[in-house]
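Positions 188 to 740 (our numbering) are the ones given, in order, by the sequence shown. Heads up, the beta-carbon is just placed ideally off N, CA and C, and yes, glycines get one too. Note sheet for the following structure.
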Amino acid sequence: MPRAQRHSGKASRDVISRVRRAWGESPFYQAQLKGPAPDRLGYQPVDPYTPDKALAESILRGRIAIGAMTVECEGEHERLWALAGRDGALHDLLHRFTWLRHLSALGERGRAPARALAQAWFDDHEKWSPDSWEPYTTGERLINLCCHGQKLISGGDALWRSRVLTSMARQTRHLARSGHRAPVSYERLMTAMSLCVAALSLPGCESAAEKGLELLRRELRLQIRPDGGHVSRNPSRQLELVVRLRMVLSALEFRRMPAPGFLRHIIGRAAAHVQLFRCGDGRLAVFNGGYEDDARALSAALEVLEEDVEPTGFARHSGFQRLEAARTVLIADTGAARGGAVGGGFQSGGSFHFSSGRARLIGNCGNGAHLSGDWALALRQAAAHSALSSEPAAAAAVFRSCVVTHRRAEDARGQLLEIERAASAEPGSARHIRRFFLSAAGGDLRGEDILTGVPRALAGNWRLRFHLHPGVKASLARDGRSVILAAPNREGWRFRSNSADISLEKSVYCGESRLPQSTEQIVICPGNIDRHIDGEDGGDIVVKWAFRRMEGV
Numbered sequence: 188m189p190r191a192q193r194h195s196g197k198a199s200r201d202v203i204s205r206v207r208r209a210w211g212e213s214p215f216y217q218a219q220l221k222g223p224a225p226d227r228l229g230y231q232p233v234d235p236y237t238p239d240k241a242l243a244e245s246i247l248r249g250r251i252a253i254g255a256m257t258v259e260c261e262g263e264h265e266r267l268w269a270l271a272g273r274d275g276a277l278h279d280l281l282h283r284f285t286w287l288r289h290l291s292a293l294g295e296r297g298r299a300p301a302r303a304l305a306q307a308w309f310d311d312h313e314k315w316s317p318d319s320w321e322p323y324t325t326g327e328r329l330i331n332l333c334c335h336g337q338k339l340i341s342g343g344d345a346l347w348r349s350r351v352l353t354s355m356a357r358q359t360r361h362l363a364r365s366g367h368r369a370p371v372s373y374e375r376l377m378t379a380m381s382l383c384v385a386a387l388s389l390p391g392c393e394s395a396a397e398k399g400l401e402l403l404r405r406e407l408r409l410q411i412r413p414d415g416g417h418v419s420r421n422p423s424r425q426l427e428l429v430v431r432l433r434m435v436l437s438a439l440e441f442r443r444m445p446a447p448g449f450l451r452h453i454i455g456r457a458a459a460h461v462q463l464f465r466c467g468d469g470r471l472a473v474f475n476g477g478y479e480d481d482a483r484a485l486s487a488a489l490e491v492l493e494e495d496v497e498p499t500g501f502a503r504h505s506g507f508q509r510l511e512a513a514r515t516v517l518i519a520d521t522g523a524a525r526g527g528a529v530g531g532g533f534q535s536g537g538s539f540h541f542s543s544g545r546a547r548l549i550g551n552c553g554n555g556a557h558l559s560g561d562w563a564l565a566l567r568q569a570a571a572h573s574a575l576s577s578e579p580a581a582a583a584a585v586f587r588s589c590v591v592t593h594r595r596a597e598d599a600r601g602q603l604l605e606i607e608r609a610a611s612a613e614p615g616s617a618r619h620i621r622r623f624f625l626s627a628a629g630g631d632l633r634g635e636d637i638l639t640g641v642p643r644a645l646a647g648n649w650r651l652r653f654h655l656h657p658g659v660k661a662s663l664a665r666d667g668r669s670v671i672l673a674a675p676n677r678e679g680w681r682f683r684s685n686s687a688d689i690s691l692e693k694s695v696y697c698g699e700s701r702l703p704q705s706t707e708q709i710v711i712c713p714g715n716i717d718r719h720i721d722g723e724d725g726g727d728i729v730v731k732w733a734f735r736r737m738e739g740v
């Protein structure tokens, strides 16, 4: 795009932003937010997410650590709003009222700081502002107030109750007018559901629910694939989506209002999809910006499924395959890499999660969105996944926009999955083939990676990485051809390869939405190229590897 056009587009967006700000701050818009004042919460949705009592205790002490950021208010909780800034993790935690979930778990001890924080917000942000009343932020704030607001207003006088409920009603009416303007597709979807729940929870706001349901219908049609997966391919978002959809359905049932036909249908498909990512420890496999997440919320989300329903083994449209044998689970990403806001830009093609029972063995590094600096960008790269990567990373561009196919087979011996990524549909183009074979007993995972059509000069750039979970202890055998893994469930596993170039290197893990945890990764380099390449140029690199459970350990 020419520079003049880019500048023109930015100028237009700036003008629109200024006009919206002037309108939002005007008395005319404030008048449109007036309406019947609720006298109670007509419905209280259940929040299935586990509160973080450690975070709640730190808020009580006036000290909050979010990611790499720490702020202290020395017991004056009202000061936190001044420290929040205009964006970032602390801004989101405060203005979305996420803290209300955590403080509510402390009972009476959490009531005073919760009320102090809420009162300070009403004093400074009760009228519209572009940061604190942004649609997605407003929707999340309303959800937390609907779930935990009763604890906030109980014990207060009539004036305090009226102030809280009146503000919630004004925010709901604002959301009915602005929800469709949330800039990110996933945020529009979540905002639509927040609007539905808030409107059905507050007597007198029922008309706003119709707008919420219409926006929800549109966004679900645009963002949910036929297999029930969200276009982001993010398991944590998938879980949050199912939890919020169930809130909408429960609110409609409580108010004895008919649920749209699409709602029950999409809940079933979306819940079946999130079940695909469930691991033996009851939490999620880490892919595409997701986290291990909350086991209690995941159990609640899956209650809509029949007890005897087995987890689906694949999601063809979203690009995931699940192999399961006994206590062993392998989940592989069979989708094409996608950039931009939809795909999140994660170069995760061919990556996999591998666990035995409750022990996670191999996975991806996670998401750095909650961290400062370049973490978010670094953790999107192929090198942050248990997959094929290259050094320098630019060499991997050959598979950046590739054609992906896969096939699956199963017999009495076990299950086979093959993923093929081709640089183009043209014959002779560079290709990467990854094969997994999981034995029927689950104690033997064999893999094969084949690179074909890659120029000989680039052969030494490729790396196969297997990122270990922080709970796994690894030691390299003396022969340099195998690695012994000690899992937290006291299982022993041996990793072997036909490559003479196996090493243990440092890695990080950000799959628990906390500060990065130190861990290790197994790295295979091409090493002696002559052993793997046949022909002058564009020959095959073949690397075989295996994880085998060690008996008697």
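Nearest C-alpha to alanine 252 among Gly275, Pro235 and Thr237: Gly275.
Distances from the alpha-carbon of glycine 476 to those of Gly469, Leu426 and Leu432 put Leu426 closest.
With fewer than 16 other Cβ atoms inside 10 Å of its own Cβ, threonine 257 counts as exposed. Within the same chain, His289, Ala292 and Leu293 come within 8 Å of lysine 240 by CB-CB distance, once the 5 residues on both sides are set aside. Judged by DSSP in its simplified three-state form, arginine 735 adopts strand. In the three-state reduction of the DSSP assignment, aspartate 598 falls in the strand class, which pools E and B.
Cα atoms of glutamate 401 and phenylalanine 501: separation of roughly 31 Å, rounded to the nearest angstrom. Residue environment for lysine 693: exposed (fewer than 16 other C-beta atoms within 10 angstroms of its C-beta). The way I'd put it, the stretch 611 to 623 doesn't touch the stretch 661 to 681; fewer than three beta-carbon pairs between them come closer than 8 Å. For glycine 634, no alpha helix (DSSP H) segment is defined; the enclosing uninterrupted segment is the beta strand (DSSP E) at 631 to 639. Here alanine 519 is near glutamine 508, since their CB atoms are less than 8 Å apart. Under the criterion of beta carbons closer than 8 Å, threonine 521 and valine 591 qualify as touching, at roughly 7 Å. A residue is called buried when at least 16 other Cβ atoms come within 10 angstroms of its Cβ; glutamine 219 does not meet this threshold and is exposed.
Only residues of its own chain outside the window of five on either side were considered, and among them Arg350, Val351 and Ser354 have a CB closer than 8 Å to the CB of phenylalanine 309, listed in chain order.
Put simply, the backbone Cα of tryptophan 320 is about 11 Å away from that of alanine 369. Checking the DSSP bridge columns, you'll see cysteine 334 has no partner listed.
By the Cβ test, the stretch 683 to 692 is in contact with the stretch 660 to 674, since at least three Cβ pairs between them sit closer than 8 Å.
Judged by DSSP in its simplified three-state form, glutamine 534 adopts coil rather than helix or strand.
Ala271 is the residue among Gly336, Ala271 and His593 whose C-alpha sits nearest the C-alpha of histidine 312.
Judged by DSSP in its simplified three-state form, valine 491 adopts helix.
Between the C-alpha atoms of leucine 450 and leucine 436 there is a straight-line separation of about 7 Å.
Within its own chain, the residues whose Cβ lies closer than 7 Å to the Cβ of glycine 415, once the five positions on either side in sequence are excluded, are Arg456, Ala457, Ala459 and His460, listed in chain order.
With a contact defined as Cβ atoms closer than 8 Å, arginine 360 and glycine 222 qualify at about 6 Å. Runs of beta strand (DSSP E) with 3 or more residues, each lying fully within the stretch 409 to 433, are absent. Taking a C-beta distance under 8 Å as the contact criterion, aspartate 561 and threonine 639 do not qualify as a contact pair. Looking at the DSSP output, phenylalanine 441 sits in no beta bridge, so it has no partner there.
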